[in-house]
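If you read the sequence shown in our numbering, its first letter stands for residue 266, the second for the next number, and so on.
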Amino acid sequence: MQTPSKLLLENKAWSQDMIARQPNYFNELAKEQRPDFLWIGCADSRVPAETVVNAQPGEIFVHRNIANQVITTDFNCLSVLQYAISVLKVKHVIVCGHYGCGGVMAAMQPQSGDLLIANKWLLHIKDVYRLHQEELESIDPGKKTDRLVELNIVEQVYRLAHTSIIQSAWKHGHKPTIHGWVYGLNDGLIDELIKLDHNTQINPIYRYAD
Ligand SMILES: [Zn+2]
């Protein structure tokens with residue numbers, strides 16, 4: 266069982282190890298960050314962004330929440346997105362969900378009387394379910410959760426494309442690419458489900474007028 270003091274000890278050992286390998290490591294890292302990627306992932310402890318793609322500190326700007334959602338009234342996510350696009354000028358935005366997602370599974374159940382706040386967060390996934398209800402209810406019940414995981418990821422990629430931040434960057438900025446990825450808890454592998462770039466035709470009802 267891990268304890269906070271064990272974590273602090275591990276931190277000390279890690280810091281010493283990094284310095285032993287590269288004496289200037291932290292001095293260099295402290296100067297600035299120039300990540301090429303924004304990662305929007307699930308808060309699930311089994312899908313740590315940097316670890317699963319073998320990235321180092323400074324390489325990925327990270328935002329995580331329950332079931333990797335992009336909700337356009339969530340100033341937390343939107344602030345991260347705006348900073349990543351407008352200031353850091355990341356080249357890629359990655360929405361990475363995962364099979365066996367507890368948030369998605371919970372969204373397929375009736376609303377919980379004990380988790381009133383979490384219910385509201387999960388409502389957006391229920392909307393994705395409703396949007397694809399026919400397909401979801403026609404497939405093998407054992408595959409329903411994983412299919413909703415995929416549909417939820419694709420939906421978040423479209424939601425990103427519907428923001429003024431992305432549309433403006435596609436029109437006047439550095440044209441970042443948006444990726445929808447799904448991670449397998451069973452094999453540690455990632456598949457790409459969708460990729461949108463500045464040539465994407467956005468449904469007119471979501472387009473910002475010039
Ligand atoms: Zn999850």
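Think of the CB as a built atom: it goes at the ideal place given N, C-alpha and C, for glycine as much as any other residue. Since the model is a prediction, treat every value here as computed from it, not as a measurement.
According to DSSP, what are the bridge partners of residue i?
i	result
H427	Bridge partners of H427: none, in fact.
L303	F326, V358
K460	H444
Can you tell me whether residue i is buried or exposed, with buried defined as 16 or more other CB within 10 angstroms of its CB?
i	result
I418	buried
Y471	exposed
Y448	buried
T268	exposed
D282	exposed
F326	buried
Grab me the residues of residue i's own chain with a C-beta within less than 7 angstroms of its C-beta, minus the 5 sequence neighbours each way, in chain order.
i	result
V422	V360, I443, G445, I459, L461
Please tell me whether, using a cut-off of 7 angstroms, the distance from the CB of residue i to the nearest non-hydrogen atom of ligand 1 is below it.
i	result
G445	no
C342	no
D282	no
H389	no
A332	yes
C307	yes
H328	no
C361	no
G378	no
G367	yes
Short of 8 angstroms in beta carbon distance, which residues of its chain neighbour residue i, apart from the five on each side in sequence? Order them along the chain.
i	result
P322	L294, E315
F291	S280, M283, I284
Using a Cβ-Cβ cutoff of less than 6 angstroms, which residues in the same chain neighbour residue i once the five nearest sequence positions on both sides are dropped?
i	result
A308	R329, N330, I331
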